[in-house]
Amino acid sequence: MLLYTLQRLLQSVAVLFAVSIAVFLAVYSVGNPVDLLINPEATQAERAAMIAKMGLDRPVWAQYLTFLGNALQGDMGVSFVHGIPALELIFSRMPATFELVVLALLLASAIGIPIGLWVGLRDGSRGARMVMTSSILGYSIPSFWKGMVLILIFAVWLNWLPASGRGDTVSLLGVPFSFLTLDGLSHLAMPVINLAIPNLALMIRLTAAGASEAVHQDYVLFARAKGVRSKRIIRRHILRNILIPIITVLGVEFGALIAFSTITETVFAWPGMGKLLITSIYQLDRPVVVAYVMLITFIFVVVNLLVDFAYAALDPRVKLVENM
Amino acid sequence: MTDQTKASPVLDVRGLQTVFHDTQGAWPAVDGIDLTLYPGEVLGLVGESGSGKSVAGFSVMGLIDPPGEITAGEVLFRGEDLRKKSEEELRRIRGIALAMIFQNPLSTLNPVLRIGEQMTEVLSEHGHDDPAAAASLAVESLRKVGIPAPEQRIHQYPHELSGGMRQRVAIAITLLGDPAVIIADEPTTALDVTIQGQIIAELQKLQVESGAGMIWITHDLGVVAELADRIAVMYAGNIVEMGPTDAVLDHPRHPYTLGLLASVPGDADPGAPLRQVPGNAPPLSQRPLGCPFNPRCSSATDICRREMPARETDAFGRSYLCHHPVSQKADP
Amino acid sequence: MDASNAPHRRDEPMAVRKPLTDTPQRRAMLGKLKRRPSVKKSLIALLVITLIGLCLPFFAQQDPYDLTSFSVMDNRMPPMSESFDGMVFWLGTDGQGRDMLSAILYGMRISLLVGLVSTALALIIGVSVGLVAAVLGGRIEALLMRLVDFVLGFPSILVALVLLAMIGRGVDKVILAIVMVQWANYARIMRSSALSERRKEYVEAAHNLGFGTGRVMFRHVMPNSLSAVLVLATVQIASAITLEATLSFLGVGVPVTEPSLGLLVANGFDYLMSGAYWISFYPGIALLILIFSLNLVGDRLRTALDPKRS
Numbered sequence: 271m272l273l274y275t276l277q278r279l280l281q282s283v284a285v286l287f288a289v290s291i292a293v294f295l296a297v298y299s300v301g302n303p304v305d306l307l308i309n310p311e312a313t314q315a316e317r318a319a320m321i322a323k324m325g326l327d328r329p330v331w332a333q334y335l336t337f338l339g340n341a342l343q344g345d346m347g348v349s350f351v352h353g354i355p356a357l358e359l360i361f362s363r364m365p366a367t368f369e370l371v372v373l374a375l376l377l378a379s380a381i382g383i384p385i386g387l388w389v390g391l392r393d394g395s396r397g398a399r400m401v402m403t404s405s406i407l408g409y410s411i412p413s414f415w416k417g418m419v420l421i422l423i424f425a426v427w428l429n430w431l432p433a434s435g436r437g438d439t440v441s442l443l444g445v446p447f448s449f450l451t452l453d454g455l456s457h458l459a460m461p462v463i464n465l466a467i468p469n470l471a472l473m474i475r476l477t478a479a480g481a482s483e484a485v486h487q488d489y490v491l492f493a494r495a496k497g498v499r500s501k502r503i504i505r506r507h508i509l510r511n512i513l514i515p516i517i518t519v520l521g522v523e524f525g526a527l528i529a530f531s532t533i534t535e536t537v538f539a540w541p542g543m544g545k546l547l548i549t550s551i552y553q554l555d556r557p558v559v560v561a562y563v564m565l566i567t568f569i570f571v572v573v574n575l576l577v578d579f580a581y582a583a584l585d586p587r588v589k590l591v592e593n594m
Numbered sequence: 383m384t385d386q387t388k389a390s391p392v393l394d395v396r397g398l399q400t401v402f403h404d405t406q407g408a409w410p411a412v413d414g415i416d417l418t419l420y421p422g423e424v425l426g427l428v429g430e431s432g433s434g435k436s437v438a439g440f441s442v443m444g445l446i447d448p449p450g451e452i453t454a455g456e457v458l459f460r461g462e463d464l465r466k467k468s469e470e471e472l473r474r475i476r477g478i479a480l481a482m483i484f485q486n487p488l489s490t491l492n493p494v495l496r497i498g499e500q501m502t503e504v505l506s507e508h509g510h511d512d513p514a515a516a517a518s519l520a521v522e523s524l525r526k527v528g529i530p531a532p533e534q535r536i537h538q539y540p541h542e543l544s545g546g547m548r549q550r551v552a553i554a555i556t557l558l559g560d561p562a563v564i565i566a567d568e569p570t571t572a573l574d575v576t577i578q579g580q581i582i583a584e585l586q587k588l589q590v591e592s593g594a595g596m597i598w599i600t601h602d603l604g605v606v607a608e609l610a611d612r613i614a615v616m617y618a619g620n621i622v623e624m625g626p627t628d629a630v631l632d633h634p635r636h637p638y639t640l641g642l643l644a645s646v647p648g649d650a651d652p653g654a655p656l657r658q659v660p661g662n663a664p665p666l667s668q669r670p671l672g673c674p675f676n677p678r679c680s681s682a683t684d685i686c687r688r689e690m691p692a693r694e695t696d697a698f699g700r701s702y703l704c705h706h707p708v709s710q711k712a713d714p
Numbered sequence: 013m014d015a016s017n018a019p020h021r022r023d024e025p026m027a028v029r030k031p032l033t034d035t036p037q038r039r040a041m042l043g044k045l046k047r048r049p050s051v052k053k054s055l056i057a058l059l060v061i062t063l064i065g066l067c068l069p070f071f072a073q074q075d076p077y078d079l080t081s082f083s084v085m086d087n088r089m090p091p092m093s094e095s096f097d098g099m100v101f102w103l104g105t106d107g108q109g110r111d112m113l114s115a116i117l118y119g120m121r122i123s124l125l126v127g128l129v130s131t132a133l134a135l136i137i138g139v140s141v142g143l144v145a146a147v148l149g150g151r152i153e154a155l156l157m158r159l160v161d162f163v164l165g166f167p168s169i170l171v172a173l174v175l176l177a178m179i180g181r182g183v184d185k186v187i188l189a190i191v192m193v194q195w196a197n198y199a200r201i202m203r204s205s206a207l208s209e210r211r212k213e214y215v216e217a218a219h220n221l222g223f224g225t226g227r228v229m230f231r232h233v234m235p236n237s238l239s240a241v242l243v244l245a246t247v248q249i250a251s252a253i254t255l256e257a258t259l260s261f262l263g264v265g266v267p268v269t270e271p272s273l274g275l276l277v278a279n280g281f282d283y284l285m286s287g288a289y290w291i292s293f294y295p296g297i298a299l300l301i302l303i304f305s306l307n308l309v310g311d312r313l314r315t316a317l318d319p320k321r322s
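Residue numbers (the working numbering), protein chains in the order written: chain P, 271 to 594; chain L, 383 to 714; chain C, 13 to 322.
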């Protein structure tokens, strides 16, 4: 177990390094780093100071080390537009994105897994085929257009829900969340649904595939030969088997949803990390873009690590101890 | 081998037909077989791959899924026709009164559930309410089949046990019920030769102690010669010969049985070419008209190619399906 | 028994039993069995979709690139309205007075073209990398696969977004971004397929006949792995189209001079609240139809080629 943990940690660190190099190269080689990282409106004195601080007049490898050193201390530059440290800016937007992503994942799983189970157990039936075809539709609809249609229907025509923005927030453990207020929920509804739909399709397909495969396994036939009731076969034998890969997928999807939230946040003007990224790209606020990439990579690496551990913990076949 | 009491059979299969559907049609894998099993006896169901013997076993249990379908016949278990029962009624019988041991012990146990749970669920699903008592029954059962340290094994997962041990667990599960009929579907085929003998001994012990009737499905004549009271030889979905083991093996009436016996390598003369039954067993969709064995039979004549032989029974309790049975020599 | 006495006469075919054809439950099962999708039909569907998509502009009644063919006087007219010279705007007009239907037809071609070209390039690169990795083995394979895992670890939208943010807009740049994101899928699938095929006996046989590793890989192994690659490619075209549309919507995709469907939707976003929904709505429907049909074909193809179901 210890060896495995160490291996995975080393791998993760290696990935972070690789990304930092890639980002560094992207920023410092494509175009003039001086222009990219220093506010074009800075005065000569400020420019000189920044150049010295970031070491932009030194050789590339030295610049990288400075970059890395600063990054490890949490200093990823200062936003041109907002004037505050880039990381701080991103952190301030994180709760909004996490709110969206977590709620979307919960919604997609709570609906998708039972439906997928139902479909998988009735493989080939008309109902199953209809659901599976609609699930293809679910991941085929372009997300940005889907969001717009939602706005069209629920905000413009029906006027039930607000078209954009985040609602009132309530502080939970010092962090502002909006799902605890009614106003917050009304603002959350459409973005969460928009984010959840493709994920829902995925959950249905994944669960259905796992269930239809599990149903044909020998151990299910043996359980039936033992006279076990179908409910128990589904609940204990099948579900327990397919939940393991599903949970690992959920972990990966968490990262993917954070990425996809850029689209939803743009369409619904949701003040999260994704919208910040897009606006920063438009406004050429490069430090924020760089900080976002590094942070996202970090989140991904951590999530992947957790998912690997979860898998090892859940699947009894994975040997955690070297000598059995 | 036990002495059969000519009581009424615990299992009486009549005219069982199981088909498999494809776009062309419905092909019978089991084509109208009759089988009887008496309490306490071992019936060896022998046949090569594709003969339909495993399908027959699953048909008795009622575990045939689409594209398969049981289309005709009666399966009388303790006098009641299982084919007329509802799925829930069948479920109540399975595992407790009618049990099955599968061929591949590596895949019959669920890898993510503990051994103990997979054992006690037989009891809890059939009305047994006391988990503690069920657990100790499971431990006892494991002990009876010779698994060391059963109290620890209960908490282990299947992958922590070898194939032979897992098959013992399957036998132990059967012991938890009180089966009147045990169907063992090639229980030793997937095991190492060295382990096979042990498992055969365990199964024999199980059968004697429980007094159940056992159908032993196999392709290995050597195994049934030792264990079975009666033998049924299956070919292409039909039981071509059935009778007391000694009678069938010493004086077979059906050319196929004769061919099988002659092809056992152990009996061959050293240096002489090994004998075999020429040709191959036909796939489901290419069963010949008339007697299914006719293309491979040296005694086949025109009538064999046109007409299915009728079942004939002789004085020694043997029955066979052949127009030209092997001529009798001095029968016992 | 005498083995030389071959029982059935070889000169005439053996009489075979007819199957039973009427049993209960058969009709239900027959329906299921006959509905299995076929590879040929799926491939034909794919070809038809592609050809239609590429030829669509032929049917347009107006060339949206021709600045003289439309007038801003016709702008934001709802569907089914008429221009002053009698042309019917079946799907309305946009903010500049362009006929939506024509713009959509042209836009579909661009979307499809970008999707096809990116997929083709990504396929060539990815399959080559996968094959090379499988052939060379050892450290090179490990390194290449690490790279593949790395690339696949990130969501495509982010990578493409950040990349395009750095290099700017343009059809060629969009294609580059998509290729960079998609090639790794092919590499992974090609290499795992090559690895499992390599263990099979026909490869050993080919080696024994004296064929070099490279030739065995290309002439023998690769064709057998193609079915998996084909299924992937179909779905990836849809994915590429979606990606391009999203990037264009976000403003980092194709330039305004060559509006793909995504850009059309983006252009219409501003008019949503004021009621001219058709400017965004219909291009989106067109996009949806394109992506959905491609994904549907991909799914059917995958089911048809699935070895488990035969």
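Glycine is no exception: its CB is placed at the ideal position from the N, C-alpha and C atoms.
A distance below 8 Å separates the beta carbons of L:GLY439 and L:ASP567. Chain order gives no chain L residues near P:ARG475, where near means a beta carbon separation below 9 Å; the closest approach is about 22 Å. In the structure shown, the three-state DSSP call for L:TYR617 is strand.
Taking a beta-carbon distance threshold of 8 Å, C:GLY263 counts as an interface residue toward chain P. For P:LYS416, the CB contacts under 8 Å within the same chain, skipping 5 residues up- and downstream, are ASN464, ILE467 in chain order.
In this structure C:VAL163 does not touch P:VAL563 by the C-beta definition: roughly 14 Å separates them, more than the 8 Å allowed. Here the segment 384 to 391 of chain P does not lie against the segment 536 to 547 of chain P, with fewer than 3 beta-carbon pairs under 8 Å apart. With a beta-carbon spacing of about 16 Å, L:PRO660 and L:CYS673 fall beyond the 8 Å limit used to define contacts. With its beta carbon at least 8 Å from every one in chain L, C:PRO49 lies outside the interface. Segment contact: the segment 623 to 642 of chain L against the segment 447 to 467 of chain L, fewer than three CB-CB distances shorter than 8 Å; contact not assigned. Restricting attention to C:TRP290, C:ILE152, C:ILE297, C:ALA298, the CA atom closest to the CA of C:MET92 is found in C:TRP290.
Shown here, P:SER395 sits in coil according to DSSP, grouped into three states, outside any helix or strand. When Cβ-Cβ separations below 8 Å define contact, P:PRO365 makes no contact with chain C. C:VAL193: member of the alpha helix (DSSP H) spanning 183 to 210, first to last residue.
For L:ASP628, the enclosing alpha helix (DSSP H) stretches over residues 627 to 632.
Residues of the same chain with a CB within less than 7 Å of the CB of P:SER379, apart from the 5 flanking positions on each side, are MET473, LEU520 in chain order. Restricting attention to L:TYR539, L:LEU472, L:LEU417, L:GLY407, the CA atom closest to the CA of L:PRO626 is found in L:LEU417.
In this structure, the alpha-carbon of C:LEU255 lies about 22 Å from that of C:CYS67.
Pairing L:SER523 with L:ALA554 gives a Cβ-Cβ distance under 8 Å. Under the DSSP assignment, L:GLY559 falls outside any beta strand (DSSP E); it carries neither an H nor an E label. Not flagged as an interface residue toward chain C: P:TYR334, since no C-beta distance is shorter than 8 Å. For C:SER123, the three-state secondary structure derived from DSSP is helix. In the structure shown, P:LEU407 falls within a helical segment according to DSSP collapsed to helix, strand and coil. In this structure, L:ILE536 lies near L:ALA517, with their beta-carbon atoms less than 8 Å apart. In the structure shown, P:PRO412 adopts coil according to DSSP, grouped into three states. Rounded to whole angstroms, P:LYS501 and C:LEU103 show a C-alpha spacing of 52 Å.
Per the DSSP secondary-structure output, C:PHE101 pairs in a beta bridge with C:SER93.
Residue-level contact by beta carbon holds for P:PHE492 and chain L, with a gap shorter than 8 Å.
Contact between P:ALA526 and C:PRO167 holds: their C-beta atoms lie close to 5 Å from each other, under 8 Å. For L:PRO561, not one C-beta of chain P is nearer than 8 Å to its own C-beta. Within its own chain, the residues whose Cβ lies closer than 6 Å to the Cβ of C:GLY280, once the five positions on either side in sequence are excluded, are ILE291, SER292, listed in chain order.
Within its own chain, the residues whose Cβ lies closer than 8 Å to the Cβ of C:VAL139, once the five positions on either side in sequence are excluded, are TYR198, ALA199, MET202, MET234, VAL241, listed in chain order. Judged by DSSP in its simplified three-state form, L:GLY432 adopts coil rather than helix or strand. Taking 8 Å as the threshold, the shortest C-beta distance from C:THR258 to chain P falls below it.
Spanning the alpha carbons of C:PRO271 and C:ALA115 requires a straight line of approximately 8 Å. Taking the Cβ atoms as the reference, L:LEU603 lies roughly 7 Å from L:LEU643, within the contact range of under 8 Å.
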